[in-house]
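Since the structure comes first, as structure tokens, the remarks are kept for the end.
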Amino acid sequence: MDTLPIDTSHPAVRDYLALIRLQVLTPLSLLLNIATLLVCALIASPSIAGVAHLYPTAITPKIGIIEAYIFLIWLTQIGYCVLLVAARKPETKATLIKGVGLALPIANLLLSLWAIAWIMKWFLAATIFVGCILLVLLYSNTVLLVYHAPDYSSRPFDALLIHAPMRFFLVLPLSILFALSLFITLHMNYEPTPTGPPPNYSAWHAGAGAGVVAGSNVLALLVVVLRRDLVWCVAAVWVNVSLWSSRVQPPAGVNITAILFTAILPLALIAAFVYNRFCSGERTGRIRLIGEERTSSTPNLVNRGNAQAPIDNTGPREVDDTWG
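Heads up, the sequence shown is in the UniProt record's numbering, so the first residue is 1 and it goes up one at a time.
Okay, here's the thing in structure tokens:
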């Protein structure tokens, strides 16, 4: 067969084929991601956690909390895959095809490659992979925000199963994974000792670690305050908890910064919601037109001194042309 019986250049046909492509590639990339990370975390030696313990840094998180974070990413992506099949609204399909597109399958594939490079101790390759994840997710989230903004009233499932998983996935490499891989690549880790962490805090590169934690949290604070973003708030707090609850106690600067923003971010989110609700100055009342102030609020009433009497509108009346 030389030609297909359909016009593949038609926009509707191209969108349909793109949706079919996503319905195949996204679940496959998710399954590959789950399988690879489970093997690297549970079967490989050293595992992902084992490599993190061999190369501790000032920002090494508690691996169990990060694993729970990734597990939640998997759950949200399962919901996203269900929406890929069940979507019926044209706006939802446009968001899936043009807003997310192949960004999510590519990010899943890159995360699998990062896990392999991590356990093989190819830290430069791991840093490159997680940097590519960050770029792909930043681009996709920007497109979603600018061209496919979430509509919580008419399309709540879009916000829950498209926007939320993509932002939740973005915060992980942005807040911790890229910086952690970069620290080890630049040899900004310390050698573990039998008695615990090194006594000289300069070996921690504590200043750089505190700067990374503060920078990512200031960005999270801006997003939370300006956009009242619950997903970003939860994700950033989750990462902070993984830092100050780490088995190897981080430097004081990192620890204090993580603890402070663990408390500040939820309070800032609540304050942003309160301000938007009561102090934003947005009024939705009816605008009074010119002349309405002269109209009584009660129909068919006329003023007589301080009292009001009803107007008798029953029956026709003769009006004398001379006397009015």
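Idealized CB from N, CA, C, for every residue including glycine.
In the DSSP assignment, I133 falls within the unbroken alpha helix (DSSP H) covering F123 to Y147. In its chain, beyond the 5 residues on either side, no residue has a beta carbon closer than 6 Å to the beta carbon of R14.
Listed in chain order, the non-local C-beta contacts of L109 below 6 Å within the same chain comprise S29, local neighbours out to five positions each way being set aside.
Between the region 127–142 and the region 87–104 there are three or more C-beta pairs closer than 8 Å, enough to call the two in contact.
With respect to the 7 Å criterion, I59 and A179 are classified as neighbours on the basis of their beta carbons. Membership of C81 in the alpha helix (DSSP H) is indicated by the continuous run I63 to A86. If you check the CB distance, W74 and I34 come in under 7 Å. The shortest CA-to-CA distance from T185 to any of A126, I176, P165 and C233 is the one to A126. Judged by DSSP in its simplified three-state form, K89 adopts coil rather than helix or strand.
Contact between G79 and L161 holds, with the beta-carbon distance rounding to 4 Å and staying under 8 Å. L54 and L172 have their alpha carbons spaced roughly 21 Å apart. In the same chain as R228, and ignoring 5 residues on each side of it, the C-beta atoms closer than 7 Å to its own belong to L269, A272, F273 and N276, in chain order. Residue state for L160 is assigned as helix, using DSSP reduced to three classes. Around C233, the same chain offers V224, L265 and L269 as residues with beta carbons nearer than 6 Å, after the five sequence neighbours per side are excluded. Going by DSSP, T26 is part of the alpha helix (DSSP H) stretching over P11 to L38.
Using a Cβ distance threshold of 7 Å, A208 and V254 do not count as a contacting pair. Distance from the CA of T76 to the CA of R247, rounded to the nearest whole angstrom, comes to 28 Å. DSSP, read as helix, strand or coil, puts A44 in coil. Within the model, the alpha-carbon separation for I66 versus S153 is close to 32 Å. When the five nearest sequence neighbours on each side are left out, the beta carbons in the same chain lying within less than 7 Å of the beta carbon of A52 are those of T60 and I63, in order along the chain.
For the pair D158 and T57, the CB atoms are not nearer than the 7 Å cut-off.
The C-beta of S45 has fewer than 16 other C-beta atoms within 10 Å across all chains shown, which makes the residue exposed.
Here DSSP, grouped into helix, strand and coil, assigns T185 to helix. The Cβ atoms of V237 and S175 lie no closer than 7 Å to each other.
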